[in-house]
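Chains as they are written, first to last, in our numbering: chain U, 1 to 441; chain E, 442 to 882.
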């Protein structure tokens, strides 16, 4: 992409309303623009990151055997009356009345709708197990939206729902999502720790939040340091095999959010030098709630014994839009954001230090073509800005690598590669630079 | 994908509420399920087609130089008061009040929001031209939603918006979208004819609808038969070159929707044997409306002469979810849907006629692995259903090719390939079949 043809309205002033660093940086870099309290337009730079995160989530859901679908944002009130949550949900539910005075709502979550869908078509244990998911906009009318996309009202969520004939099957689905989440967050460069959590308005008696540690985290969390060192299961995991040991290796170690924390248990279970108490950001939340919805809504499954019973269910959420904020909170410095490779909006920032100089223009054209062909997604700053401004903007938006081409270097036969995270710079020939950058895509 | 692990709830009975063939087939095949009047859940089979259509739209928008972003579904009423459309829009606008009694709405279109975004950051002709687009859910509270996803209330639309400093620039943006649309629809196997159209609530004085002809079309249209024969401009078009001749070659020929039809002009301009009067389905609509929004909302651009003027704008829509219905209306037979290759939910239906038979199972496993590796996206019917039921379902969902593997054929050293559209069948060895099917992906 040529910057002159892109739309990236960088702000010079730091917006005063933004309290946390991710919100400030996203506004400054022109990734989002507020369109109402807790409602954001995703400008092109932000949309690209959102899309990359959603794709990683999608790939890891598919790998674990979940099947993608897409439920609408608007739901009927009657559906929520069946579960009893229409009245329970309170003011966070955005209630809507249409032209025919029908009561509707903007979905904050989809347990009811998916239960209705499955009860209409799934009758026998032979049709199970089933994990369905979608990536769709949700709305929760938070009383005080804040922290930018970290706690917005309209937000993008991946929510999956599992259906099984018995508790053992449901636990297996839970374990699949548990492990899929570890792989998902690891691919984004995040270490997410599963922690026992409160089930809240979703209900049920088993639940884990996936928490990443960051100084600016919204809540206090407690865990065993060993959990931070455990490698994710990885893409070669046999999803049809026994997953219990992999999950148990993690749940055996202490980890809890503030609401579930038991300091005596923490101390008894965890050697002092391994006790971590830190701030955390929730990026995923999984629930096993058995027959809470299937019983109320009569989603019955005939088992191998010929008996009908309510389906055993769980639900599994990842805050896709919130993750952008979380990744920035965990990856930035004074100059701006530092994107992990897999979610960077572009792979390489190509800076032309003197647009109009024929040597610079032609070297940049060559680099742009080669990097594009190699799938490295360069963002080419071909604007007439001065070098200092170009450097600041490129550091601000935090692409993993920069390739800097200027007249002085070219006269000496060199260009410069800068690694955004380490700050390391290296001068080398254009060919050597392109070989290097095209190879590590 | 193995059908046993997929979720495709095929209906045995033809739903009586569905009036048109695309709606009936989508319900029967388990592509969608109604969740309220004009509101649908996209089940996995439908979601896959929706995703393929959206991706083609996206690729062709990008090729023409439009830049993707993503605006929220919920908008502030005040924004629409600036343009005067908050009161004008009427009951089709879904109006919402939040917990703080703020007036909001579910966006039916985004002219106001994009104008607000651009006025905040674009001040000079040097920052133009600009075409921004997003693919996002919209809501129009139709009084009588019908025809399934063809006229739903919650629907997925691609809407693009162009900004230029003068009319010549705006006309150029219009021409780009005009030609990009021809390529977009052609890739989906559709011949879409641009027709002069009424501008309706969007406003302006230049507008074309893109119409595909289908017996079940919603409105009467009139055009010169030659327009149906013109090849699309194709992917090698130079988008930076002069596009006027390509557009003029089409606009010179008569084509109009019913509201704009002038029968005297039609007769004068079109030889009798080339006069087509047919039913049509609108799949895209483009508008040039000059300064209608930029003037009301003060989106001012400084020109090369140093003078400020309102930006010249246009907007460009494609009904992504509606297209699925339109494609089915134009591509089906008595047995079911017939998907054009580029938008088929899967490329090949692989039918195992005797699951449990070791020769069948191992030949199917080999075929499934080879087709998957070749990127042909097979849907493998590995269920215990009887052959007749498998054939019906595979014909109903209309994948372009079927590979049928059974014990009798294998004993004779053959498998069968069926072309869904022509109905042609061919017996050949498994290796030859796989060579053929893997090659034409």
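Heads up, the beta-carbon is just placed ideally off N, CA and C, and yes, glycines get one too. Quick caveat: nothing in here was measured; it's all calculated off a predicted structure.
Run of the beta strand (DSSP E) containing residue i, from where it starts to where it stops
{"i": "residue 867(E)", "result": "866 to 869"}
{"i": "residue 483(E)", "result": "480 to 483"}
{"i": "residue 580(E)", "result": "571 to 580"}
{"i": "residue 349(U)", "result": "348 to 352"}
{"i": "residue 617(E)", "result": "Taken as a continuous stretch (DSSP letters only), residue 617(E) belongs to no beta strand (DSSP E), being part of the alpha helix (DSSP H) at 608 to 628."}
{"i": "residue 162(U)", "result": "154 to 164"}
{"i": "residue 720(E)", "result": "716 to 731"}
{"i": "residue 857(E)", "result": "856 to 860"}
{"i": "residue 209(U)", "result": "206 to 213"}
{"i": "residue 820(E)", "result": "819 to 822"}
{"i": "residue 749(E)", "result": "749 to 751"}
{"i": "residue 196(U)", "result": "192 to 196"}
{"i": "residue 474(E)", "result": "473 to 477"}
Listed by chain order, chain U residues near residue i by CB distance under 8 Å
{"i": "residue 484(E)", "result": "69, 117"}
{"i": "residue 578(E)", "result": "72, 73, 137"}
CB of residue i within 9 Å of CB of residue j, strictly
{"i": "residue 721(E)", "j": "residue 799(E)", "result": "no"}
{"i": "residue 808(E)", "j": "residue 851(E)", "result": "no"}
{"i": "residue 283(U)", "j": "residue 197(U)", "result": "no"}
{"i": "residue 443(U)", "j": "residue 227(U)", "result": "Within the shown structure, residues of chain U are numbered from 1 to 441, placing residue 443(U) beyond reach of any answer."}
{"i": "residue 781(E)", "j": "residue 768(E)", "result": "yes"}
{"i": "residue 627(E)", "j": "residue 771(E)", "result": "no"}
{"i": "residue 838(E)", "j": "residue 657(E)", "result": "no"}
{"i": "residue 846(E)", "j": "residue 804(E)", "result": "yes"}
{"i": "residue 494(U)", "j": "residue 348(U)", "result": "Only positions 1 to 441 of chain U appear in this structure, which leaves residue 494(U) out of reach."}
{"i": "residue 537(E)", "j": "residue 153(U)", "result": "no"}
Under 9 Å by beta carbon: chain U residues contacting residue i
{"i": "residue 584(E)", "result": "99, 100"}
{"i": "residue 545(E)", "result": "36, 39, 94"}
{"i": "residue 466(E)", "result": "Those do not exist, as residue 466(E) stays about 17 Å from chain U at its closest Cβ, beyond 9 Å."}
{"i": "residue 491(E)", "result": "70"}
Cross-chain neighbours of residue i in chain E, by beta carbon under 8 Å
{"i": "residue 125(U)", "result": "What residue 125(U) touches in chain E: nothing, since even the nearest Cβ is about 13 Å away."}
Beta-carbon neighbours of residue i, restricted to chain E and to distances below 9 Å
{"i": "residue 113(U)", "result": "476, 482"}
{"i": "residue 237(U)", "result": "What residue 237(U) touches in chain E: nothing, since even the nearest Cβ is about 17 Å away."}
Residues that residue i contacts on chain E, provided the C-beta gap is smaller than 7 Å
{"i": "residue 9(U)", "result": "562"}
Residue span of the alpha helix (DSSP H) that contains residue i, given as start and end
{"i": "residue 251(U)", "result": "244 to 251"}
{"i": "residue 710(E)", "result": "704 to 710"}
{"i": "residue 394(U)", "result": "387 to 397"}
{"i": "residue 355(U)", "result": "Note, residue 355(U): premise wrong, no alpha helix (DSSP H); not H, not E."}
{"i": "residue 21(U)", "result": "21 to 28"}
{"i": "residue 320(U)", "result": "320 to 330"}
{"i": "residue 272(U)", "result": "Counting along the chain, residue 272(U) falls outside any alpha helix (DSSP H), and DSSP gives it neither H nor E."}
{"i": "residue 850(E)", "result": "848 to 852"}
{"i": "residue 226(U)", "result": "226 to 229"}
Within chain U, the residues that residue i reaches when beta carbons sit closer than 7 Å
{"i": "residue 617(E)", "result": "None at all; the shortest Cβ gap to chain U is about 13 Å."}
{"i": "residue 446(E)", "result": "65"}
{"i": "residue 488(E)", "result": "68, 69, 70"}
Closer than 7 Å at the beta carbon, the chain C residues around residue i
{"i": "residue 132(U)", "result": "Structure shown: chain C not included; protein chains present are U and E."}
Name the residues in the region 364 to 391 of chain U whose C-beta lies less than 7 Å from a C-beta of chain E; which are they?
Listed in sequence order: no entries.
Closer than 8 Å, Cβ to Cβ, to anything on chain U: give me those residues from the region 840 to 862 of chain E, in chain order.
Residues of the region 840 to 862 of chain E with a Cβ closer than 8 Å to any Cβ of chain U: none.
In chain order, what residues of the region 149 to 163 of chain U put their CB closer than 7 Å to some CB of chain E?
So the list reads 154, given in the order they occur along the chain.
Return the residues of the region 765 to 798 of chain E that lie within a Cβ-Cβ distance of less than 8 Å from chain U, sorted by chain order.
The region 765 to 798 of chain E vs chain U, Cβ under 8 Å: nothing.
Taking only beta carbons into account, state which residues of the region 518 to 534 of chain E come closer than 7 Å to chain U, listed in chain order.
Considering only beta carbons, the part of the region 518 to 534 of chain E lying closer than 7 Å to chain U consists of 532, in chain order.
What residue ranges within the region 510 to 580 of chain E form continuous beta strand (DSSP E) runs of no fewer than 3 residues, ordered along the chain?
Those beta strand (DSSP E) runs which fall completely within the region 510 to 580 of chain E and span 3+ residues are 515 to 517, 535 to 538, 544 to 547, 571 to 580.
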